[in-house]
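Q:
In the numbering used here, the protein residues as written are 149 to 483.
Now the structure itself:
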């Protein structure tokens, strides 16, 4: 059970553990089957060496052909993962009338040592980084020519969800451009207007789509403006929630909202993992490689993210040939 995180890039799983989250007796262990990845029983496993272009910590290498180490720190206090980079096969299926199995080599982290929230409920069985850097799985699949450089996610109310790679979105879908920073690209957009009831607030600010953050954050002056515009909409204080105010959001007014059932993606040939209906506890982490000081953060559900610079013709060709890939995950409901 991995956490899907658009705020970071590396896909990692617990492996050859020196310090990992427990697989028994933990919060999620009673609801879902947790496991530790064992490279010794995989016949397709390969270690990534330090001369690989995806090895970011070559200064920590013992030699050119030694195994590449990795270490990623996250926004949550004292939360990190470290280990070595590996390659192995990810088993995917096409999403069309005649589904086919596809095997794709991906680079991921063999997470030997975890700290902070990762030892609790933040990422019980690893974390799936969906960022824009070249090491993320969407980037790897696109670079290998398997799919368009895009993906979509569906968060189910029962804790089960899906992710589709190469999804082009719906025909009636609108688009919002990203504010790309070449040195560290992420899903940053510009918000030009906020509506609270019938009140329109024209105050431009930037926001990050980060599924690894449990809550939506606004910075001033937008936070104060929104709060003052919703005086009569406030809920009574709840001692269990450490925030000044809490509000309900009307789904039909959320950007790109569309009524959708995660189980409606296809009626046949669908493998659903962990259909237990028990509500999962929201993780307390806010994952990311850096602290976001100047941006607000927003959640994205049931939306398509495309980060490709390819021409429309090229994307269509890729999708027509390979259709959409799906990998079934149990999702952590970050609410």
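By construction, the Cβ of each residue, glycine as well, lies at the ideal position given by its N, Cα and C atoms.
These numbers come from a predicted model, not from an experiment.
#1: For residue 243 and residue 171, what's the separation of their Cα atoms in angstroms?
#2: Can you tell me whether DSSP reads residue 373 as helix, strand or coil?
#3: So, do the stretch 265-283 and the stretch 226-241 have three or more beta carbon pairs nearer to each other than 8 Å?
#4: When the Cα of residue 239 is compared with those of 249, 337, 377, 338, which residue comes out closest?
#5: Would you call the stretch 158-170 in contact with the stretch 254-262, where contact means no fewer than 3 C-beta pairs closer than 8 Å?
#6: Give a yes or no on contact between the stretch 318-337 and the stretch 293-301, applying the rule of three or more CB pairs nearer than 8 Å.
#7: For residue 167, which three-state DSSP category applies?
#8: For residue 360, count neighbouring C-beta atoms within 10 Å of its own C-beta (all shown protein chains included) and say buried if the count is 16 or more, exposed if not.
#9: In or out: residue 211 buried (at least 16 other Cβ within 10 Å) or exposed?
#10: Quick check: residue 275 and residue 151, are their CB atoms within less than 9 Å of each other?
#11: Which of helix, strand or coil does DSSP assign to residue 189?
#12: Do you know offhand how far residue 280's Cα is from residue 357's?
#13: Apart from the five residues on each side of it in sequence, which residues of its chain come closer than 7 Å, Cβ to Cβ, to residue 251?
#14: Counting C-beta neighbours from all protein chains within 10 Å, is the total for residue 283 16 or more, i.e. buried, or is it exposed?
#15: Classify residue 293 as buried or exposed, calling it buried when 16 or more other Cβ atoms lie within 10 Å of its own Cβ.
#16: Pick out whichever of 286, 232, 241, 247 has its Cα sitting closest to the Cα of residue 254.
#17: Locate the beta strand (DSSP E) running through residue 252, then write down its first and last residues.
#18: Alpha carbon to alpha carbon, how far is residue 190 from residue 440? Give it in angstroms, no decimals.
#19: What are the complete beta strand (DSSP E) segments, minimum 3 residues, inside the stretch 194-247?
#20: On the premise that residue 370 lies in contact with residue 386, defined as a C-beta separation below 8 Å, what is that separation, rounded to the nearest angstrom?
#21: Can you name, in chain order, every residue of its own chain whose Cβ lies under 8 Å from the Cβ of residue 217, other than the five neighbours on each side?
#22: Taking the continuous alpha helix (DSSP H) assigned at residue 288, which residues delimit it?
#23: Could you tell me whether the Cβ atoms of residue 346 and residue 337 are closer together than 9 Å?
#24: To the nearest angstrom, how far is it from the Cα of residue 213 to the Cα of residue 201?
#25: Which residue comes first and which comes last in the beta strand (DSSP E) that contains residue 151?
#26: Starting from residue 298, trace the beta strand (DSSP E) both ways and give me its first and last residue.
#27: Return the residue from the list 319, 344, 362, 355 that minimises the CA-CA distance to residue 373.
#28: Among the candidates 309, 154, 365, 314, whose CA atom is the shortest distance from the CA of residue 289?
#29: Tell me the DSSP bridge mates of residue 276?
#30: Give the list of continuous alpha helix (DSSP H) stretches no shorter than 4 residues that lie fully inside the stretch 309-392.
#31: Among residues of its own chain, excluding the 5 on either side of residue 377, which ones have a beta-carbon nearer than 8 Å to its beta-carbon?
#32: For residue 165, tell me which candidate among 153, 149, 183, 154 has the shortest Cα-Cα distance.
#33: Report all residues from its chain with a CB closer than 6 Å to the CB of residue 342; omit the five preceding and five following residues, and keep chain order.
#34: Return the residue from the list 273, 355, 304, 340 that minimises the CA-CA distance to residue 155.
#35: Decide if residue 391 is buried, meaning its Cβ has at least 16 other Cβ atoms within 10 Å, or exposed.
A: Let's see:
#1: It is roughly 32 Å from the alpha-carbon of residue 243 to the alpha-carbon of residue 171.
#2: helix
#3: Contact annotation: the stretch 265-283 touches the stretch 226-241, with at least three C-beta pairs closer than 8 Å.
#4: Ranking the options by Cα distance to residue 239, first place goes to 249.
#5: yes
#6: Segments in contact, no.
#7: In the structure shown, residue 167 sits in a strand (DSSP, three-state: E or B).
#8: buried
#9: So residue 211 ends up on the exposed side.
#10: yes
#11: Of the three classes helix, strand and coil, the one that applies to residue 189 here is helix, per DSSP.
#12: 12 Å
#13: Closer than 7 Å at Cβ, skipping near neighbours: 237, 239.
#14: Classification of residue 283: buried, given that the 10 Å Cβ count is 16 or more.
#15: Around the Cβ of residue 293, a 10 Å sphere holds fewer than 16 other Cβ atoms; the residue is exposed.
#16: 286
#17: Residues 249-263.
#18: Bear in mind that a pLDDT of 31 at residue 440, under 50, signals an unreliable position, so the number given afterwards is only what the model happens to contain. Their Cα atoms are separated by approximately 38 Å.
#19: 217-221, 228-242
#20: Wrong, their Cβ atoms sit about 23 Å apart, outside the cutoff.
#21: 205, 208, 209, 230, 231, 232, 233
#22: 285-291
#23: no
#24: 12 Å
#25: 151-153
#26: 298-303
#27: 344
#28: 314
#29: Per DSSP, the beta-bridge partners of residue 276 are 152, 159.
#30: Positions of the alpha helix (DSSP H) runs, each at least 4 residues long and wholly inside the stretch 309-392, are given as 370-376 in order along the chain.
#31: 344, 345, 347, 349
#32: 183
#33: 349
#34: 355
#35: exposed
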